[in-house]
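Oh and the sequence shown: position 174 is 174 in UniProt numbering, straight run, nothing missing.
Cβ atoms here follow ideal geometry from the backbone N, Cα and C, with glycine treated the same way.
Keep in mind that this is a model prediction, so the values were computed, not measured.
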Amino acid sequence: MKQRRYLVLEDGSYYPGYAFGSGGETFGELVFNTGMTGYQETLSDPSYAGQIITFTYPMIGNYGVNEDDYEGVHPGLKGMVVHEVADHPSNFRSTKTLDEALKDFGIPGIQGVDTRSITKRIRRAGVMRGALVNTIDHLEETIASLTSYQLPKDEIEKRSITEAKTYDGNGKHVVLIDFGSKENILSELLKRDCRVTVVPWNTTVEAILAYQPDGVMLSNGPGDPTAVPEAVQTVKGLITEDHLPLFGICLGHQLIALAAGAKTYKLKFGHRGGNHPVKNLEKNNIILTSQNHGYAVDESSLEATDFIATYTALNDGTNEGIKHKSKTIFSVQFHPEAAPGPHDANYLFDEFIAALQPAQGGTVHA
């Protein structure tokens with residue numbers, strides 16, 4: 001007999017369903033993802049730390065889980081909401097079910113709920129706090145706890161490595177600042193034969209420059225970019241360096257904008273999925289992108305900076321990329337490394353590597 005579980009929202013509504021995954025209860029920020037595939041990469045993406053994710057696609061888990069496609073070793077996802085979870089996956093790479101994977105990570109899930117209805121509620125009201133509980137006998141207490149629940153602000157520190165690590169390569173030397181980086185960002189650099197030194201999120205400018213990198217990458221990561229002012233100061237110092245190419249992705253994009261003097265803000269319900277169309281403002285073409293962010297750069301605030309907008313989201317007109325007017329510094333809000341999602345923007349890694357000419361400088365036209 002299936003165990004009952006309930007999704008309770010801070011607005012007082014709740015959805016009855018059935019438990020899968022871990023047997024525990026959880027609180028987090030309720031968001032939705034529109035991807036049809038890629039649930040393994042999604043659940044292990046460090047950027048989802050502190051969140052309960054609702055999948056809009058009706059069946060999740062049908063091809064199982066394998067040992068190779070994790071984007072993070074220690075997922076920070078708080079919970080998972082699906083309409084139906086596949087009990088008998090079919091794929092030659094599968095080593096366990098989604099239910100088993102969530103149990104291994106201690107992540108509770110709920111199935112048998114109307115995920116489209118939940119998504120519509122989030123779209124109307126915006127992201128909100130949610131809880132997965134095993135009883136509603138004390139519903140008012142749960143709602144009161146949700147109302148006072150404070151979303152954690154230390155997720156970047158939790159998801160970052162604590163000691164620097166170098167991966168050998170014969171090409172350019174890239175320092176990757178880990179704010180909760182996805183594994184595929186590192187993979188894309190290693191594919192291009194880069195020597196990569198991954199450093200903790202709070203590494204100083206002096207320590208980064210001591211590695212004598214040809215370029216620096218700023219990774220994705222969870223939460224509000226304004227919660228890590230020390231990282232903003234570090235990026236500000238890197239921007240002032242001459243002939244040091246910088247490339248930021250997602251949170252890294254937001255940190256570059258803040259360091260330049262621009263502003264960021266929280267989106268009503270964010271962009272999370274693998275089919276978000278983005279316009280390249282310089283090339284006047286459109287690419288499909290993988291996205292996962294709840295904050296965005298205020299494009300109007302770029303006017304007083306040395307940066308210009310390079311990409312825009314076609315769904316809502318929000319900023320998706322910027323670049324420096326004269327230096328080789330650029331960033332995008334979407335995920336060119338995909339995993340999951342389309343590879344339309346993969347060329348950005350090639351453009352970054354091509355710009356890594358020591359003491360040459362120049363401008364990347366992303």
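Element boundaries [beta strand (DSSP E), containing residue i]
i	result
V65	Run containing V65: none; DSSP gives neither H nor E here.
F55	Q51 to F55
K268	K263 to N280
K323	N319 to H324
Continuous alpha helix (DSSP H) stretch holding residue i: start and end
i	result
Q40	Y39 to S44
V232	P229 to I239
L255	L251 to A260
S22	Careful: S22 lies outside any alpha helix (DSSP H) and carries neither H nor E.
I136	From DSSP, I136 is part of no alpha helix (DSSP H); its letter is neither H nor E.
S47	No alpha helix (DSSP H) contains S47, which DSSP labels as neither H nor E.
A304	Looking at the DSSP string, A304 is not in any alpha helix (DSSP H), and its letter there is neither H nor E.
S290	That residue, S290, is in no alpha helix (DSSP H); its beta strand (DSSP E) goes N285 to D298.
Residue j beta carbon less than 8 Å from that of residue i
i	j	result
I107	L77	yes
Q254	V297	yes
A355	G252	no
L314	I286	yes
V175	V199	yes
P342	T289	yes
I161	D178	yes
I156	V228	yes
T26	N33	no
S90	Y63	yes
T54	T119	yes
Y311	L348	no
T37	P277	no
C-alpha gap between residue i and residue j, whole angstroms
i	j	result
I110	L132	8 Å
T135	G21	16 Å
R116	G273	15 Å
R123	F269	6 Å
K258	K325	Residue 258 is actually Leu in this sequence, not Lys. Taking the straight line from one Cα to the other gives about 16 Å.
V332	G321	4 Å
D316	M1	44 Å
E16	G79	First, the residue type needs correcting, since residue 16 is Pro and not Glu in the sequence shown. When rounded, the distance between both Cα atoms is 15 Å.
G126	K172	43 Å
T318	E299	8 Å
T264	T97	39 Å
L39	L267	In the sequence under discussion, the amino acid at residue 39 is Tyr, which differs from the Leu named in the question. Rounded to whole angstroms, Y39 to L267 spans 23 Å at the Cα level.
I256	H88	45 Å
residue 367	D99	The structure shown does not extend to residue 367, since the chain is modelled only from 1 through 366, so no value can be given for it.
H365	L209	At H365, the pLDDT of 36 sits below 50, so the modelled position is not reliable; the number obtained from the coordinates is stated separately. Each residue's Cα considered, the two are about 25 Å apart.
G362	D68	With a pLDDT of 38 at G362, under the threshold of 50, the modelled position of this residue cannot be trusted; read the value that follows with caution. If you take the alpha carbons of G362 and D68, they lie about 37 Å apart.
E230	G221	15 Å
residue 379	V31	Since the first residue of the chain shown is 1 and the last is 366, residue 379 is not available in this structure.
S145	D11	12 Å
Residues near residue i in its chain [Cβ-Cβ closer than 8 Å; skip 5 each side]
i	result
G72	S44, D45, P46, R159, G180, K182 and E183
L186	Y167, L176, V196 and V198
E84	P58, M59, I60, Q111 and G112
Q360	Unreliable placement is indicated for Q360, whose pLDDT of 41 sits below 50; the coordinate value is still reported in the next sentence. The answer, listed in chain order, is H243.
L139	V8 and Y14
E163	P200
Residue i CB to nearest heavy atom of the ligand ATP below 7 Å
i	result
A210	What this structure holds is no ligand at all, so the ligand ATP is not there to describe.
Same chain, Cβ closer than 7 Å to residue i, neighbours up to 5 away in sequence not counted
i	result
residue 431	Within the shown structure, residues of the chain are numbered from 1 to 366, placing residue 431 beyond reach of any answer.
Q51	G28, E29, V31, L77 and K78
Close Cβ partners of residue i (< 6 Å) along its chain, the five nearest in sequence each way excluded
i	result
Y149	F27 and R129
A260	T305 and F307
E337	N184, I185 and E188
H335	S290
A19	Q3 and R5
V82	F55, I60 and Q111
- [ ] Tell me the start and end of each unbroken alpha helix (DSSP H) in the region 147-224 that is at least 4 residues and wholly inside, in chain order.
- [x] 155-159, 183-191 and 205-210
- [ ] Counting only runs of 4+ residues fully inside the region 74-112, write out the alpha helix (DSSP H) ranges in chain order.
- [x] 98-105
TODO: Could you pull out every unbroken beta strand (DSSP E) segment of at least 3 residues lying fully inside the region 329-361, listed in chain order?
DONE: 329-332
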